[in-house]
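Taking it in order: structure first as structure tokens, then the write-up.
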Amino acid sequence: MIYLIRLLDQEKRSPEDLKGLKKRLISYGLQREYGLSLKEVEASSSGALYLRKYPEIHLSTTCTKGLLGIALSACPVGLDAEYRRPGDPYVEKKILGEKEAFFYQKAQNQNEALLKYFTLKEAYGKALGTGLSYDFRNTGFYFDQKSIKSDLMEAQFYFLDFCEEFIISLCFLDRRRELNSGETVRFILP
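The sequence shown begins at 1 in the UniProt record's numbering and counts up by one.
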């Protein structure tokens, strides 16, 4: 299940407020899905959150300007979101493989394409538990308006529609895992 909060006044919120909201969102999801409390959640040395007593439950979080999100799943999961903004040539060189760079150069909207590549790769890193510490150029993604293809045969990927301001990507490390239409819970906070 995926839980997303759109924050309309994030500029007015302190980092402590955002951390508190993230905890409440995790608590809400754990209680709703599994009847568990937030005290079951621990952080690894890298900061990744997990449930030591419940290794069958996987958790991923994301936070970007104006959006908080969590994903809970029975298989390893990664969730990443980015606020739409202009592309960065440094990011382009760091994350795109040779074939991706070819498709990227042909994209009608390169800013959007770069954010899609980035969020897909970051979601995959979160699902693996490595975060940003793997070589992004070693993964290949090819997408259009309807589908996402990847050379990562063990994973299934999705783009989530929530607000036009964001690119949101989801990765399940189970090729058979499908995202059902009722699996996303959305909140908007003024």
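Virtual Cβ for every residue (Gly too), placed ideally from N, Cα, C. As the structure is a computational prediction, the values presented were derived from the model and not from experiment.
{"Item": "Close Cβ partners of residue 23 (< 8 Å) along its chain, the five nearest in sequence each way excluded", "Value": "38"}
{"Item": "N-terminal and C-terminal residue of the beta strand (DSSP E) that residue 2 is part of", "Value": "2–7"}
{"Item": "Residue range of the beta strand (DSSP E) that includes residue 69", "Value": "67–73"}
{"Item": "Three-pair Cβ contact test at 8 Å for the region 109–125 versus the region 81–101", "Value": "yes"}
{"Item": "Residue environment, residue 130, which counts as buried when at least 16 other CB atoms sit within 10 Å", "Value": "exposed"}
{"Item": "Assigned secondary structure, residue 98 (DSSP; H/G/I helix, E/B strand, else coil)", "Value": "helix"}
{"Item": "Residue 162, DSSP secondary structure in three states", "Value": "coil"}
{"Item": "Inside the region 76–129 only - alpha helix (DSSP H) runs reaching at least 4 residues", "Value": "89–95, 98–106, 110–128"}
{"Item": "Cα-Cα separation between residue 179 and residue 95, rounded to whole angstroms", "Value": "26 Å"}
{"Item": "CA nearest to the CA of residue 47, picked from 7, 60, 136, 150", "Value": "60"}
{"Item": "Residues sharing a beta bridge with residue 186, DSSP", "Value": "4"}
{"Item": "Between the CA atoms of residue 125 and residue 57 - distance to the nearest angstrom", "Value": "17 Å"}
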